[in-house]
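> Add 2 to the 1-based position in the sequence shown for our numbering, that's all there is to it.
Don't be surprised by glycine CBs; every beta carbon is placed ideally from N, CA and C.
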Amino acid sequence: MNRPVRIANCSGFYGDRLSALAEMVRGGPVDVVTGDYLAEVTMLVLAKNRLKKPAGGYATTFLRQLRPVAAEIAERGIKVVVNAGGLDPAGLARDTRALLAEAGVDLAVAHVEGDDLSARLAGLAAEGHALAHLDTGEPFASRGHEPLTANAYLGGFGVAAALAGGADIVITGRVADASLVTGAAAWWWGWSPDDHDALAGAVVAGHVIECGAQATGGNFSGFTGIADLRHPGFPIAEVDRDGSSVITKHEGTGGAVTVDTVTAQLLYEVGAPGYLNPDVIARLDTVRVEQEGPDRVRMSGVRGQAPPPTTKVAVTGLGGWRNSCTFVLTGLDVDAKAALVERAVRARLDGEPGIADLRFTRIGVPAADPADQMAGSSLLHVAVDGDQNSAGRAFSALCVELALSSYPGIYGMGVPSAGSAYGVYWPTLIPQDVLRHTVVHPDGREEIVPPPATAEPAAETDVALPPYKAGPTVEGPLGRLVHARSGDKGGNANVGLWVADPEAWPWLAATMTTERFQELLPETRGLVVDRYVLPNLRAVNFVVRGLLDGGATEARRFDTQAKALGEWLRARHVSLPERLLR
C-alpha cells in the first residue's frame with residue numbers, strides 16, 4: 003500500500019442520490035467508498051421512525067444502494083464504510099448480512115458501536131458529568147424534555163480496527179463525519195493515534211468529501227461558471243501517507259473540482275480554525291489548496307494537534323407542537339393584505355394559553371406591472387408553536403376559514419395540515435475516556451478501541467492581516483467579488499466568505515469586519531458573532547451564535563438551516579474597489 007488510497011463518497015445525507023454508490027463503484031478505480039447519512043437532525047428522524055417501527059433506527063436506503071452492486075464490490079475488493087447504522091448499527095449489519103446471503107455474495111460485515119449514551123445519561127449525570135449545553139452553558143436538568151436519543155461523536159480508529167480485522171463493509175452509528183475517511187486512511191497507511199499531522203490531513207479530506215456533490219460544484223456560489231451541473235459526480239479523495247490529498251472525481255462525470263469548489267466545502271459548517279475531531283484537532287488555517295490539473299485539487303500542509311479530552315454528544319427529543327400556513331398575496335396593496343391576515347389570526351390566537359409563539363414572515367416582493375400572475379405575487383408564511391390542541395387542527399381550521407372572509411385573491415399553498423411535534427436539540431460534551439468505543443468484528447468478536455491521548459485545545463491567536471490601501475470604489479453587490487457558503491451547526495450558523503483573486507484578499511480582510519457583517523445582515527445584530535481569519539484560503543469565517551434557536555428542528559426562521567444566509571449576504575451592496583472589477 004505505497005500509493006495514495008482512493009476514497010470515494012456516495013452519500014452526503016439520508017435521502018441523497020440513490021444511484022451514487024453504483025456510480026462510484028462502476029465509474030473508475032476506488033479502494034474505499036464511504037457514505038455519510040447522519041446530519042444533526044437525522045438522529046431525531048430515525049428516532050421518530052423507530053417509534054413507529056422497531057427496525058426503523060437505521061438509514062434503509064443503504065440496503066437499496068448496496069443490492070445492485072454487491073457482487074461488483076466483492077469482485078473488485080472495494081471496502082465500504084458508512085454511518086448508515088444511525089441508532090441501530092447492529093441491526094443494519096444483521097440486515098446487510100441477510101441481503102448478501104440472499105444475493106449469494108461473500109462480504110464480511112462489521113459494525114462499530116458505543117456512541118449511544120441514551121441509557122447512560124442518568125448515570126453519567128449522577129457521576130458528576132455536567133452535560134451542560136455546549137453553547138449556552140445551561141444545566142442538563144433544565145432541558146425540560148425527555149431525551150429520545152443521545153449519541154457521542156466517535157473517531158475513526160474503530161473503522162480502522164474493523165477493516166484491519168477483515169471487514170469488507172463497516173457500519174457505524176454516530177461518528178464524526180470525517181471519521182469515515184480518517185478511519186479508512188488510518189487502516190490503509192497503518193497510522194497510530196499519535197500521527198497528528200497525517201490524521202489532520204485526512205480529517206480535512208473527509209470534511210471536503212463528506213457532503214457529496216457539494217465538493218464538485220453543488221450549492222456553489224459560482225455555479226454559473228460550471229459547465230454541467232445537471233448530474234455532478236461525487237468526489238474522491240486520494241489520501242497519501244503524510245495526510246496530503248487530491249480531491250477529484252470520476253472522469254466524464256458532471257460538475258467540476260476546482261480550488262473554489264473545494265474551498266467552499268472547507269468553509270462549510272465550521273467554526274474556529276482549530277477544527278475539532280475525536281482523533282485530532284485539524285488546523286484549517288494551515289491548509290494549502292492548489293489546482294493540480296483538470297478536476298484535481300491538492301490539499302497539503304495541514305498541521306494537527308492532539309485531540310481534545312472531550313467529544314460532542316447530541317441529545318434530541320420532542321418539543322411542543324408546530325404548524326404553519328402560507329398565503330399568496332397578489333397584485334396591489336400586498337402590505338394591507340398581509341396586515342389583514344395578521345390582524346385576523348392574532349384576534350383569535352393572541353393570549354390563548356396554548357400558544358407559545360406566533361410569527362408572520364413575508365417572502366418576496368411582487369413586481370410592478372407584472373407580465374404574469376406569479377411575477378405579481380409574494381408569500382405570507384404564518385407559523386405557530388404551542389400545544390397540539392391550539393396549534394394543531396384549530397390553527398389549520400382558522401386559516402381555512404379565512405378563504406371567503408379576508409383579502410381579495412386569497413389562496414394558500416396547499417391545504418393546512420394538523421402540524422407535528424418539533425424536535426429539540428441539546429449539544430453537550432463528554433470525556434472521551436468514558437466512552438465504550440467498540441468494534442464488533444464479522445465473527446462476533448468484540449474489540450474495545452482505547453481513547454486517544456488528549457490535550458486541552460490551545461486558545462486561538464490573532465492573525466496578522468495584509469495591508470490594505472483604499473482607492474476609488476463603486477457600489478455593487480458583495481457577490482461580484484466574494485464567494486460564500488453558509489450552514490448550520492446546532493443553534494449557530496456560519497458564513498464563510500472568500501475571494502478567488504489574491505489581490506482582493508487585503509480588501510476582504512480589512513473591510514468585512516464583524517461590525518460590517520452585522521450591518522449587512524440586520525438579523526444578526528443582537529447576537530454574538532465570532533470572526534475567524536484563514537489567510538491561506540483568503541477567507542473569513544463568521545459564526546452567528548443562536549441564530550437558529552436550539553437547532554434546525556427548533557429554528558423558527560424560514561431558512562431553518564441558514565443554507566441561503568451567505569447568498570443573502572452576497573446580494574447586499576457594498577463599496578467595491580474599482581481596480582478589482584475587471
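1. Take P452 as the anchor and find which of L89, R96 and V161 has the nearest alpha-carbon.
2. With V442 as the anchor, note down where its beta strand (DSSP E) starts and where it stops.
3. How would you label R52, buried or exposed, when you count the other beta carbons within 10 angstroms and need 16 or more for buried?
4. Please report the residue range of the alpha helix (DSSP H) in which C401 lies.
5. If you drop the 5 nearest sequence neighbours on each side, which residues of the same chain put their C-beta closer than 8 Å to that of W507?
6. So G552 and V367 are in contact, right, with Cβ under 8 Å, and what is the actual spacing, rounded?
7. For the ligand SAM, any of its heavy atoms closer than 7 Å to the Cβ of G257?
8. Just checking my contact of V299 with V259 at CB under 8 Å: how many whole Å lie between their CB atoms?
9. Taking its Cβ as the centre, do 16 or more other Cβ atoms sit within 10 Å of G17, making it buried, or is it exposed?
10. Taking the beta strand (DSSP E) that M26 falls in, what are its first and last residues?
11. Find the nearest neighbour of L57 within the set D33, A72 and D97, judged by alpha-carbon distance.
12. Using CA atoms only, rank isn't needed, just tell me which of L583, K55 and D281 is closest to V177.
13. Distance check for G30 and N11, CA to CA, integer angstroms please.
14. Which residues share a DSSP beta bridge with A325?
15. Counting Cβ pairs, one atom from each stretch, are 3 or more of them under 8 Å apart for the stretch 61-72 and the stretch 149-157?
16. Which of helix, strand or coil does DSSP assign to R533?
17. Please identify the residue among E240, G356, D262 and A134 whose C-alpha is closest to the C-alpha of F222.
18. Quick check on this structure: which residue in Q216, D335 and T430 has the alpha carbon closest to the alpha carbon of H135?
19. Report the rounded CA-to-CA distance for G254 versus F236, giving the unit in angstroms.
20. Within this structure, are the beta carbons of G175 and G87 separated by less than 8 Å?
21. Distance check for P355 and G411, CA to CA, integer angstroms please.
22. When the Cα atoms are used, what is the spatial distance from K314 to G378?
23. Assuming Q293 and C213 form a contact by the criterion Cβ under 8 Å, report the distance between their Cβ atoms to the nearest whole angstrom.
24. What's the C-alpha gap between P2 and M514?
25. Per DSSP, what kind of secondary structure is P310 in: helix, strand or coil?
26. How many Å lie between G37 and A511 at the Cα?
27. Within the continuous beta strand (DSSP E) that includes K491, where are the two ends?
28. Which residues bound the beta strand (DSSP E) around N538?
29. Rounded to the nearest angstrom, what separates V530 and T463 at their Cα positions?
30. If you reduce the DSSP assignment to three classes, tell me which class A239 lands in.
31. Our contact map puts V111 next to R99 with C-beta atoms below 8 Å; I'd like the distance itself, whole angstroms only.
32. Measuring alpha carbon to alpha carbon, tell me which residue in A186, A169 and G295 is nearest F159.
33. Tell me whether the beta-carbon of V441 lies closer than 8 Å to the beta-carbon of L578.
34. The beta strand (DSSP E) that contains I412, what's its start and end?
35. Answer yes or no: do I365 and L342 have a C-beta to C-beta separation smaller than 8 Å?
36. Between the stretch 443-462 and the stretch 163-171, do at least 3 Cβ pairs fall closer than 8 Å?
Per the coordinate set shown:
1. V161
2. Element bounds for V442: T440 to V442.
3. buried
4. Per DSSP, C401 is one residue of the alpha helix (DSSP H) stretching across R395 to E403.
5. P468, V501, P537 and R540
6. 31 Å between Cβ atoms; not a contact.
7. The ligand content of the structure shown is nil, which means the ligand SAM is not present either.
8. 5 Å
9. exposed
10. From DSSP, M26 is part of no beta strand (DSSP E) but of the alpha helix (DSSP H) over A22 to R28.
11. For clarity, residue 57 is Ala in the given sequence; the question names Leu instead. Residue nearest to A57 within the set D33, A72 and D97 is D97 (criterion: CA-CA distance).
12. D281
13. Taking the straight line from one Cα to the other gives about 13 Å.
14. Note on identity: in this sequence residue 325 is Asn, with Ala being the wrong assignment. In DSSP, N325 forms a bridge with V386.
15. no
16. strand
17. D262
18. T430
19. One C-alpha to the other measures close to 12 Å.
20. yes
21. 32 Å
22. 48 Å
23. Wrong, their Cβ atoms sit about 21 Å apart, outside the cutoff.
24. For residue 2 there is no data in the structure shown, the boundaries of the chain being 3 and 584.
25. In the structure shown, P310 adopts coil according to DSSP, grouped into three states.
26. Straight-line Cα distance between these residues: approximately 36 Å.
27. Element bounds for K491: H485 to K491.
28. That residue, N538, is in no beta strand (DSSP E); it is neither H nor E in DSSP.
29. 19 Å
30. strand
31. 5 Å
32. A186
33. No. Outside cutoff.
34. Run containing I412: none; DSSP gives neither H nor E here.
35. Against a cut-off of 8 Å, the Cβ pair of L342 and I365 comes out as no contact.
36. Yes: the two stretches touch, three or more of their Cβ pairs being nearer than 8 Å.
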